[in-house]
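Quick note: to get the numbering used here, add 1 to the position in the sequence shown (first position is 1). Glycine is no exception: its CB is placed at the ideal position from the N, C-alpha and C atoms. One structure is given below, encoded as C-alpha cells.
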Amino acid sequence: MSDLIDLAVLEGMAHTATESSVLASNYADYGGQDLWMKLFCYTAPEAEAAIEAHFGDVEREVINDEQFERIRTFSDLKDHDKESFAYYLKRSDTTLARYLLQQAEGLDTKRRDKGQKYLVKLGRGLTAAFIQRLAGLAEPPGVSESETGETMAAVVDSKTKAALEEALPGLLQFVPISGPRKAEKSLSSCSIAPALGIDATLPQHRPTMSPSPGQDSYPVPYFFYGSLADPEKLSRVLEVKSKPVLSPAEIRGGRLMIWGEYFALVDGTEQDFVSGWVYVVESQAHEDKLRWYETGKYEVVRCEVWRGGKKGPGLTFRFCGKKEELA
Numbered sequence: 002m003s004d005l006i007d008l009a010v011l012e013g014m015a016h017t018a019t020e021s022s023v024l025a026s027n028y029a030d031y032g033g034q035d036l037w038m039k040l041f042c043y044t045a046p047e048a049e050a051a052i053e054a055h056f057g058d059v060e061r062e063v064i065n066d067e068q069f070e071r072i073r074t075f076s077d078l079k080d081h082d083k084e085s086f087a088y089y090l091k092r093s094d095t096t097l098a099r100y101l102l103q104q105a106e107g108l109d110t111k112r113r114d115k116g117q118k119y120l121v122k123l124g125r126g127l128t129a130a131f132i133q134r135l136a137g138l139a140e141p142p143g144v145s146e147s148e149t150g151e152t153m154a155a156v157v158d159s160k161t162k163a164a165l166e167e168a169l170p171g172l173l174q175f176v177p178i179s180g181p182r183k184a185e186k187s188l189s190s191c192s193i194a195p196a197l198g199i200d201a202t203l204p205q206h207r208p209t210m211s212p213s214p215g216q217d218s219y220p221v222p223y224f225f226y227g228s229l230a231d232p233e234k235l236s237r238v239l240e241v242k243s244k245p246v247l248s249p250a251e252i253r254g255g256r257l258m259i260w261g262e263y264f265a266l267v268d269g270t271e272q273d274f275v276s277g278w279v280y281v282v283e284s285q286a287h288e289d290k291l292r293w294y295e296t297g298k299y300e301v302v303r304c305e306v307w308r309g310g311k312k313g314p315g316l317t318f319r320f321c322g323k324k325e326e327l328a
C-alpha cells in the first residue's frame, strides 16, 4: 500500500514539475523573458533560469488581479506583471502583506529618511553588540565618543532606529546627526560632465561650445523613470495644484537596477536605453524640491533625451550610492 502511495506522490510531483515547466516556457515565450531581462538586468540565460525556478517554486507568492491593481496604484514598480512582481518580493525577502503594509504606512517618509543618521546613548546594558543582535545587523554600529570621553553613543541609521524603538519603546532617545542631503547638482561649464554613460575626459566627448543644459538653465527638461513619472506624485512633490504634463521619452547610455523598493538609474553602454517620461522643470525652486525628494543617494547628470525620434539635451537623476546596495 505504501508503494502505491509513494508512486502516486511521485507521479503528482512529476506532473507538477511538468506543468510548471510548461507554464514557465509559455510565460518566457510571450514576453516574460524580455521583461525580466529589463527589470532585473539579467542575460537571456539568467532570465530563463530565474523564470523556470520561479514557476517551480510551490511556495511562491500568488497575486490575484485585485491585489495587483492595488499595488499598481501606489507602487514604483509599474512595469512589472504579477509574476515578475512576485519574484521581486522573493528577492527582496518580503511578503505581499508586508509590502502592502509598508506602502500604506507611507514609504515616501522612509525613503527621505534613508540618509539620516542618529546618535543613541550607550550604557545601562545597551552596547553596540546588543544593538547589533537586536536589529539583526551584520556588524556592530559605529560608536562616537564625546569630547570629554565620558559619554559613548552608537551611530545608527533610520532602519536600526525603527528596530530599537519597536523592541524598546519609549526607553531610548535618538539625536539626529544631520538631516538627509538633497541630490547633488554640479554641472561643469567646460565639459559635459557629469553625463549619463559617458566618460567626459575622452577627446570625442569634448564639447565645441558651452555644454547644455547649464548649471542654472531654466526651464530645463528632466527625464523621470520611477515614481516621479506619476503626475499625481509629481504634483505633490512640487506642491502645485495643476496636473504636471509629462511626455513619453527615452534616454540612452543608462540602465535600471533595484535599490530597495525603488528603481535606480546607473551608467550603461551606448546600446542601453531606458523608457520613461520627460517633464520641463520651470524654476530652481521646483528643481530643489525634486532634489530633496531624490535625496543624496542620487545626483543630477546630463543626458540625451529622445522624443519622437529627435534628441535634445536634458537632465536626470543617477544613483550615486554603493553598488552593493543594488540588485
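| Asked | Found |
| --- | --- |
| Contacts around Val144, its chain only, beta-carbon distance under 8 Å, and the 5 residues preceding and following it disregarded | Leu123, Ala129, Met153, Ala154, Ala155, Val156 |
| Closest by C-alpha distance to Glu185, when choosing among Leu24, Val59, Arg319 | Arg319 |
| For Gly215, the nearest candidate out of His206, Ala196, Gln205 (CA to CA) | Ala196 |
| Residues bridged to Lys311 (per DSSP) | Arg308 |
| Paired residues, beta bridge with Tyr280 - DSSP | Tyr223 |
| Residues near Lys83 by beta carbon distance below 7 Å, same chain, minus five either side | Ile64, Phe69 |
| Arg207 versus Gly198: straight-line alpha-carbon distance, rounded | 14 Å |
| Leu172 and Ile132 closer than 9 Å at C-beta | no |
| Per DSSP, the bridge partner or partners of Gly255 | Asp268 |
| For Thr317, the three-state DSSP class (helix, strand or coil) | strand |
| For Cys42 and Met258, the rounded distance between their alpha carbons | 7 Å |
| Between the CA atoms of Asp66 and Leu90 - distance to the nearest angstrom | 16 Å |
| Nearest-angstrom Cβ-Cβ length linking Glu251 and Val275, presumed shorter than 8 Å | 6 Å |
| Inter-residue CB distance, Ser26 and Gly57 (contact presumed, cutoff 8 Å) | The pair is not a contact, with the Cβ atoms about 12 Å apart (cut-off 8 Å). |
| Residue environment, Gly137, which counts as buried when at least 16 other CB atoms sit within 10 Å | exposed |
| Bridge partners - Leu120, DSSP secondary structure assignment | Val156, Val176 |
| Alpha carbon of Tyr226 to alpha carbon of Trp278, nearest angstrom | 6 Å |
| As assigned by DSSP and simplified to three states, the class of Ala15 | A caution first: Ala15 carries a pLDDT of 46, below 50, which makes its placement in the model too unreliable to give a value. |
| For Arg303, the residue or residues it bridges with in DSSP | Ala196, Leu316 |
| Residue from Arg303, Lys312, Gln117, Thr44 with nearest C-alpha to Ala201 | Arg303 |
| Distance, Leu127 Cα to Asp231 Cα | 44 Å |
| Delimiting residues of the alpha helix (DSSP H) encompassing Asp35 | 34-41 |
| Alpha-carbon to alpha-carbon, Ala168 and Gly269 | 42 Å |
| Helix, strand or coil at Ala139 [DSSP, three-state] | coil |
| Alpha carbon of Gly313 to alpha carbon of Ser192, nearest angstrom | 17 Å |
| C-beta contact flag for Gly315 and Val221 at 9 Å | yes |
| Nearest to Gln117 (by Cα), restricted to the options Thr317, Lys298, Ser218 | Lys298 |
| Helix, strand or coil at Glu185 according to DSSP, with G and I counted as helix | strand |
| 8 Å CB neighbourhood of His55 in its chain, flanking five on each side removed | Ala25, Arg61, Glu84, Ala87, Tyr88, Lys91 |
| Nearest neighbour of Met210, chosen from Tyr219, Phe224, Ser189, Asp217 [CA to CA] | Ser189 |
| Counted within 10 angstroms of its Cβ, other Cβ atoms place Glu295 as buried (16 or more) or exposed | buried |
| Pick from Ala265, Lys244, His287, Ser187 that is closest to Pro212, judged by C-alpha positions | Ser187 |
| Cβ-based burial, Tyr31 [other Cβ within 10 Å; buried from 16] | exposed |
| Spatially closest choice to Glu240 from Gln272, Gln205, Leu291, by CA coordinates | Leu291 |
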